[in-house]
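S.K.: Submitted below is the structure of interest, expressed as structure tokens.
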Amino acid sequence: MDKLIVEGGHPLHGTVRISGAKNAALPLMAATLLAPGCHTLHNVPDLRDTRTMLSLLEQLGVRWEREGNTLRLHTESLTGAEAPYELVKTMRASVLVLGPLLSRNGFARVSLPGGCAIGARPIDFHLSGFEKLGVRTHLERGYVEATVEGALRGGIIHFDVPSVTGTENVLMASVLAEGKTVLKNAAREPEIGNLIDMLSAMGAQIEGKGTGRLVVHGARRLCAAEASIIPDRIEGGTYMLAVAAAGGDVQISGCEPCHLSALMEKLSLCGVDMETGAGSVRVACPAGDGKGLFRPRSVDITTSPYPGFPTDLQAQFMALMARGDGTSIIHETIFENRFMHVAELKRMGADIAIEGSRAVVRGVARERLCGAPVMATDLRASASLVIAGLSACGRTEISRIYHLERGYENMAAKLRALGAVIEQVRE
Ligand code: EPU
Numbered sequence: 065m066d067k068l069i070v071e072g073g074h075p076l077h078g079t080v081r082i083s084g085a086k087n088a089a090l091p092l093m094a095a096t097l098l099a100p101g102c103h104t105l106h107n108v109p110d111l112r113d114t115r116t117m118l119s120l121l122e123q124l125g126v127r128w129e130r131e132g133n134t135l136r137l138h139t140e141s142l143t144g145a146e147a148p149y150e151l152v153k154t155m156r157a158s159v160l161v162l163g164p165l166l167s168r169n170g171f172a173r174v175s176l177p178g179g180c181a182i183g184a185r186p187i188d189f190h191l192s193g194f195e196k197l198g199v200r201t202h203l204e205r206g207y208v209e210a211t212v213e214g215a216l217r218g219g220i221i222h223f224d225v226p227s228v229t230g231t232e233n234v235l236m237a238s239v240l241a242e243g244k245t246v247l248k249n250a251a252r253e254p255e256i257g258n259l260i261d262m263l264s265a266m267g268a269q270i271e272g273k274g275t276g277r278l279v280v281h282g283a284r285r286l287c288a289a290e291a292s293i294i295p296d297r298i299e300g301g302t303y304m305l306a307v308a309a310a311g312g313d314v315q316i317s318g319c320e321p322c323h324l325s326a327l328m329e330k331l332s333l334c335g336v337d338m339e340t341g342a343g344s345v346r347v348a349c350p351a352g353d354g355k356g357l358f359r360p361r362s363v364d365i366t367t368s369p370y371p372g373f374p375t376d377l378q379a380q381f382m383a384l385m386a387r388g389d390g391t392s393i394i395h396e397t398i399f400e401n402r403f404m405h406v407a408e409l410k411r412m413g414a415d416i417a418i419e420g421s422r423a424v425v426r427g428v429a430r431e432r433l434c435g436a437p438v439m440a441t442d443l444r445a446s447a448s449l450v451i452a453g454l455s456a457c458g459r460t461e462i463s464r465i466y467h468l469e470r471g472y473e474n475m476a477a478k479l480r481a482l483g484a485v486i487e488q489v490r491e
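Every position in the sequence shown, counted from 1, becomes a number in the numbering used here once 64 is added.
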């Protein structure tokens, strides 16, 4: 297992290029199962999770080749319909093959994901959505077995809360269903827009992109398509927060600033300067007071579905607020257990108290945030520890960084190119 060693106190300067979005690449890769042929996906990040999805697709009979960030997936003949426990337990997004397999084969068997580090994360919305389209589901020895009864038929599906992968899964099951399907209270994340664009290029008819009401007119058949993965807004936001925490002046290129407006609004309240261009954001921190780094003003956040403040940036924002000038209340409303980073940040000297779904972060001066050995517990918690390490005094050793590799392409190398002192070593 590798660990990261970060030496804090070095401001970041230069340009960093953002990769394609993990959470868009995964559903688009699954969507290739819908139609036989050769699909081409551009800007696919090379991550542990995208590799896991490739292993899963391979088990289903898909052949693929990668050339740089372009993936070609050949889905002419499928040979399986099962997502095994071994893959689902390492990546919950494996459940995204359920919808496409039901459309293509009329049957799918997918291991039911258990809880994970950030919460229980059930898939009941996915399953009840499928049932509305004429699918019978039952649980057999830890696996969901889903079978289309007769043919998929359009229906009306109302999500109790907007679910990102739930919306994607049901959308993929509905594009070939007979008649009209309406998804109400659907999630509006940009990654869903990316999926809708790909499905449309395959021949699907979907109205309402970017809204909470999606209307699908079932197509008779779909064809292979070419699509490009949108920039990773969470990776982009993570680098913006890294610059705010470490200080400096960085051009974040290859990103979509309009996908980051909730974060940018908060960062500007913190006192960070930002300038947006076409596909880029320049983030600059005012010089410190001569005694140290820029100290952000403390600001409150509440996570909520897009376009609200993303839960996937909550941990990283908290790392910034650990050194805030004042008190920040961080309210997590999406996942019930997404404060695993708090104990690790406290080991570095952060002053944080958890009160139910809120964390009260009393910012400390830089001298009081000190490097320490810490442990990554999930993907975004790991990124928050890197950010804390960049702004702390001394050396932070982050173990279990395989979590980071699930969702960040070459993070240590990208930060090093900006002047961070960070290295990856074998434990
Ligand atoms: N929920 C249910 N039942 C369901 C589905 C969801 O109760 O059937 C609840 C969840 O427990 C949660 C809320 O609904 O409280 C929203 O969860 P959602 O379904 O939107 O989450 P997800 O689709 O499982 C995706 C991302 C996550 C991201 C969330 C929220 C992918 C592959 N994953 O998960 O990304 O945190 O949306 O934005 O798109 C990450 O990248 O680090 C990550 C965890």
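Ideal placement from N, C-alpha and C gives every residue a C-beta, glycine not left out.
Alpha carbon to alpha carbon, how far is R136 from T96? Give it in angstroms, no decimals.
M.R.: So the alpha carbons of these two residues sit roughly 10 Å apart.
S.K.: Could you have a look at R130 and say whether DSSP puts it in helix, strand or coil?
M.R.: Residue state, collapsed to three classes: strand.
S.K.: Using DSSP with H/G/I as helix, E/B as strand and the rest coil, what is P197?
M.R.: What sits at residue 197 in the sequence shown is Leu, not Pro. In the structure shown, L197 sits in coil (DSSP, three-state: anything other than H, G, I, E or B).
S.K.: Between the Cα of G335 and the Cα atoms of A289, I256, A326 and D389, which residue gives the shortest distance?
M.R.: Checking every option, the nearest Cα to that of G335 belongs to D389.
S.K.: State the Cα-Cα distance for the pair A288 and D113, rounded to the nearest angstrom.
M.R.: A288 and D113: Cα-Cα distance of roughly 23 Å.
S.K.: Pick out the complete beta strand (DSSP E) segments inside the segment 92–116, 3 residues or longer, and give them in chain order.
M.R.: Runs of the beta strand (DSSP E) inside the segment 92–116: 102–106.
S.K.: Ligand 1 and S344: does any heavy atom of the ligand fall closer than 8 Å to the residue's C-beta?
M.R.: No, ligand 1 has no heavy atom inside 8 Å of this Cβ.
S.K.: Is the distance from the Cβ of T116 to the Cβ of Q315 below 9 Å?
M.R.: Result no, Cβ atoms of T116 and Q315 do not sit closer than 9 Å.
S.K.: Starting from the C-beta of M155, find all residues in its chain whose C-beta is less than 6 Å away, skip the five residues before and the five after it, and write them out in chain order.
M.R.: Around M155: D113 and T116.
S.K.: Using the three-state DSSP reduction, which class does L247 fall into: helix, strand or coil?
M.R.: Of the three classes helix, strand and coil, the one that applies to L247 here is strand, per DSSP.
S.K.: Could you tell me whether the segment 459–470 touches the segment 195–210, where touching means 3 or more Cβ pairs closer than 8 Å?
M.R.: Because the criterion of three Cβ pairs below 8 Å is not met, the segment 459–470 and the segment 195–210 do not touch.
S.K.: Between the alpha carbons of S175 and R185, how many angstroms are there, rounded?
M.R.: Going by the C-alpha atoms only, they are around 14 Å apart.
S.K.: Closer than 8 Å: is that where the CB of K196 sits relative to any heavy atom of ligand 1?
M.R.: No; taking the cut-off as 8 Å, the Cβ of K196 has no heavy atom of ligand 1 nearer than that.
S.K.: Going by C-alpha to C-alpha distance, which of L162, F399 and V279 sits closest to G183?
M.R.: Measuring from the Cα of G183, the nearest candidate turns out to be F399.
S.K.: Below 8 Å, how does it come out for the segment 92–107 and the segment 254–269: are there three or more Cβ pairs, yes or no?
M.R.: Taking 8 Å as the limit for Cβ pairs, the verdict is that the segment 254–269 does touch the segment 92–107.
S.K.: Regarding D376 and ligand 1, is the C-beta to nearest heavy atom distance less than 8 Å?
M.R.: It does: the Cβ of D376 is within 8 Å (strictly closer) of some heavy atom of ligand 1.
S.K.: Under DSSP, the alpha helix (DSSP H) around E491 begins and ends at which residues?
M.R.: Looking at the DSSP string, E491 is not in any alpha helix (DSSP H), and its letter there is neither H nor E.
S.K.: Looking only at C-alpha atoms, which of S167, A440 and L105 sits nearest to V233?
M.R.: Here residue 233 turns out to be Asn, not Val, going by the sequence shown. For N233, the nearest C-alpha among the options comes from S167.
S.K.: Using three-state DSSP, classify I182 as helix, strand or coil.
M.R.: Here I182 sits in coil by DSSP.
S.K.: Note the first and the last residue of the continuous beta strand (DSSP E) segment covering I220.
M.R.: Residues I220 to H222.
S.K.: Can you tell me where the alpha helix (DSSP H) with M328 in it begins and where it stops?
M.R.: Taken as a continuous stretch (DSSP letters only), the alpha helix (DSSP H) holding M328 covers S325 to C334.
S.K.: Would you check if the segment 302–318 and the segment 69–85 touch, i.e. whether three or more CB-CB distances between them fall below 8 Å?
M.R.: Taking 8 Å as the limit for Cβ pairs, the verdict is that the segment 302–318 does touch the segment 69–85.
S.K.: Let me confirm a value: T375 is counted as buried when at least 16 other C-beta atoms fall within 10 Å, else exposed. Which label applies?
M.R.: So T375 ends up on the buried side.
S.K.: What ranges does the beta strand (DSSP E) occupy inside the segment 341–400, keeping only unbroken runs of at least 3 residues that lie completely in it?
M.R.: Runs found: 344–348 and 391–395.
S.K.: Figure out for me which residue from H202, R127, I394 and G214 has the closest Cα to the Cα of A241.
M.R.: Measuring from the Cα of A241, the nearest candidate turns out to be G214.
S.K.: When you measure from the CB of N87 to every non-hydrogen atom of ligand 2, does any distance come out below 8 Å?
M.R.: For the structure depicted, ligand 2 is absent and the ligand set comprises only ligand 1.
S.K.: At which residues does the alpha helix (DSSP H) containing L166 begin and terminate?
M.R.: Taken as a continuous stretch (DSSP letters only), the alpha helix (DSSP H) holding L166 covers L162 to N169.
S.K.: Using C-beta distances below 6 Å, list every residue in its chain close to H138, excluding the 5 sequence neighbours before and after it, in chain order.
M.R.: Correct list, in chain order: C102 and R127.
S.K.: Looking at C-beta atoms only, is the number of pairs between the segment 367–383 and the segment 399–409 that lie closer than 8 Å three or more?
M.R.: With a cut-off of 8 Å, the segment 399–409 and the segment 367–383 count as touching, because enough Cβ pairs lie within range.
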